[in-house]
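Numbering (this note's numbering), first residue to last: 297 to 784. All C-beta atoms in this analysis are idealised placements derived from N, C-alpha and C, irrespective of residue type, glycine included. Below you'll find the structure, written out as structure tokens, and then a few comments.
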Amino acid sequence: MKDVIIIGAGVTGCAIARELSRYDLDVLVLEREEDVCCGTSKANSAIVHAGFDAVPGTWKARLNVEGNRMMDALSEELDFPFRRNGSLVLCFSEDQIGGLEELYQRGIANGVPGLRIVKGEEIHQIEPNLSPDVYAMLYAPTGGIVCPFKMTIALAENAFENGVNFRFQTEVKKITPIPFSEKKDSKMPGGYRVRTVDAEYECRAVVNAAGVYADVFNNMVSSIPLHITPRRGEYILMDKKAGNFVSHTIFQQPTRLGKGILVTPTIHGNLLAGPTAEDINDREATNTTAAGLSQVMEKARISASRIPLNMAITSFCGLRACEEKGDFVLGEAEDAPGFFNAAGIDSPGLSSAPAIGVMLAGQIAGTLHASRKEIFHERRKDIPCIANSTPEEIAALIASDPAYGNVICRCETVTEGEIVNAIRRPLGARSLDGVKRRTRAGMGRCQSGFCSPKVMEILSRELGVSPLTLTKSGGSSFLLSGLTGEDV
């Protein structure tokens with residue numbers, strides 16, 4: 297009998313897990329993929345929104361602003377990169393100014409500080425490469441950019457250090473309430489059996505953080521149905537040579553389908569454009585399309601006509617979990633005691649995740665009458681990054697371990713020491729993508745064209761497995777099909 301089972305190891309599930317690890321609870325996270333951060337959390341805009349877009353009074357409005365306020369301290373505690381670069385929303389004619397004013401008023405109602413509407417020459421003083429057609433813009437200085445991979449991994453590692461268990465490649469198939477007659481404690485709130493492909497667990501509470509599948513699990517136990525539509529978003533990522541094209545996150549005025557095509561620097565120095573917004577039925581449709589990428593290019597040029605799209609190094613696609621009522625679905629299901637939803641977490645889900653974690657962990661701990669631990673380790677240290685280190689720091693790292701002097705990924709200057717660290721640390725990498733998310737090996741201009749064989753050698757050596765068993769991203773994504781004649 298577990299106290300809490302969390303379904304899903306994306307940023308929301310890991311934020312809840314980290315906050316629950318503050319309590320004397322036996323918590324288990326079940327994730328169908330081979331690692332944390334394998335769904336929406338790995339394929340998004342990497343934006344910490346200021347909080348001016350959501351309708352006042354909604355969960356999105358409240359938790360976006362709260363999550364934004366938490367981000368500085370959280371990134372310092374858990375050692376992941378975050379920067380407040382500010383965001384801009386553009387309007388291109390006088391008859392669109394009403395939309396900016398509405399966003400401004402929403403932001404004021406939501407408690408977003410520092411908002412102002414900018415016109416005239418100041419527009420291009422703030423952001424010189426914007427289109428000359430920009431008439432006015434809303435400036436939000438508290439907007440930011442973050443690394444979603446490192447943020448999610450940091451939350452998971454800290455949760456693990458504080459006692460949370462994780463099981464990967466463990467897909468949940470069925471959830472059923474435990475009949476009252478079978479409960480060992482008649483005072484126990486709820487109680488569920490969670491069946492996976494190869495095991496069955498019992499728990500006092502379930503947290504449903506299953507992304508685009510969250511409605512499936514809710515509807516197994518609650519007569520109050522949810523309906524989630526996957527919304528596909530496609531992106532184009534440009535080389536670091538284009539990273540300083542803009543310094544702020546640039547939005548166009550939002551529509552019913554979202555905040556439109558943005559142009560933004562990334563926390564690692566690239567330039568990003570996207571996403572599209574296409575409602576689809578396929579919950580696994582994460583391939584990019586020619587039409588989608590053409591749309592990104594066309595609309596990005598509206599904001600900045602000279603955007604260097606010829607410097608694109610890759611494209612990617614993610615799915616947002618859009619619940620039909622348009623807001624996050626959070627808290628204990630009305631007719632399913634002990635079943636807590638964190639469903640419909642689309643934008644601004646990444647920004648809101650820290651606040652969602654605090655809120656739901658508090659509710660669950662209260663329901664289960666859990667006490668806080670006397671000892672909680674709130675700090676976590678990331679893998680040393682040679683690319684961002686001083687000469688003195690690099691010398692010290694190499695002196696402690698010569699592997700930090702062996703560069704494996706030349707595009708991103710990632711060393712063998714960093715890759716070994718990524719594999720050996722808690723919840724360490726087990727695939728090429730796992731190494732990539734933790735170290736950026738393979739995220740540069742050549743997109744792992746040169747470094748992947750060396751990374752595979754290190755993975756094989758450190759894990760003590762045959763190279764034939766290595767995968768790109770778990771499951772059946774094997775990297776090798778067999779041995780050559782010399783190796784047989």
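Rounded to the nearest whole angstrom, the C-alpha separation of residue 387 and residue 524 is 31 Å. If only uninterrupted beta strand (DSSP E) runs of at least 3 residues are considered, those enclosed by the segment 430-467 are 432-436, 440-442 and 461-463. For residue 752, the enclosing alpha helix (DSSP H) covers residues 748-759. Taking 8 Å as the cut-off, the beta carbon of residue 468 is found closer than this to the beta carbon of residue 326.
Judged by DSSP in its simplified three-state form, residue 414 adopts strand. The C-beta of residue 361 has 16 or more other C-beta atoms within 10 Å across all chains shown, which makes the residue buried. Apart from the 5 residues on each side of it in sequence, residue 715 sits with its Cβ closer than 7 Å to the Cβ of 704, 731, 735, 737, 751 and 754 in its chain, given in chain order. The distance from the Cβ of residue 342 to that of residue 441 is about 6 Å, consistent with a contact at the 8 Å cut-off.
The residue from 774, 455, 330 and 351 with its alpha-carbon nearest to that of residue 316 is 455.
For residue 501, the enclosing beta strand (DSSP E) stretches over residues 496-504. The alpha-carbon of residue 503 is positioned some 42 Å away from that of residue 603.
The shortest CA-to-CA distance from residue 379 to any of 712, 618 and 346 is the one to 346.
Residue 466 sits away from residue 310, with the two beta carbons spaced by 8 Å or more. Under the three-state reduction of DSSP output, residue 708 falls in the coil class, being neither helix nor strand. Assigned with DSSP and collapsed to three states, residue 541 falls in coil, not helix or strand. Residue pairing of residue 298 in beta bridges, as defined by DSSP: 499. In this structure, the alpha-carbon of residue 674 lies about 7 Å from that of residue 373. The beta carbon of residue 437 sits closer than 6 Å to those of 382 and 410, all from its chain and outside the five residues before and after it, given in chain order. With respect to the 8 Å criterion, residue 639 and residue 522 are classified as neighbours on the basis of their beta carbons. When the alpha-carbon of residue 778 is set against those of 768, 771, 763 and 769, the nearest one is in 763.
Nearest neighbour of residue 617 by Cα position, chosen from 645, 397, 596 and 300, turns out to be 645. By the CB criterion at 8 Å, residue 586 and residue 366 fall outside the cutoff.
Assigned with DSSP and collapsed to three states, residue 549 falls in coil, not helix or strand. In the structure shown, residue 653 adopts helical secondary structure according to DSSP, grouped into three states.
By alpha-carbon distance to residue 756, the top candidate from 771, 726 and 741 is 726. It is roughly 48 Å from the alpha-carbon of residue 545 to the alpha-carbon of residue 474.
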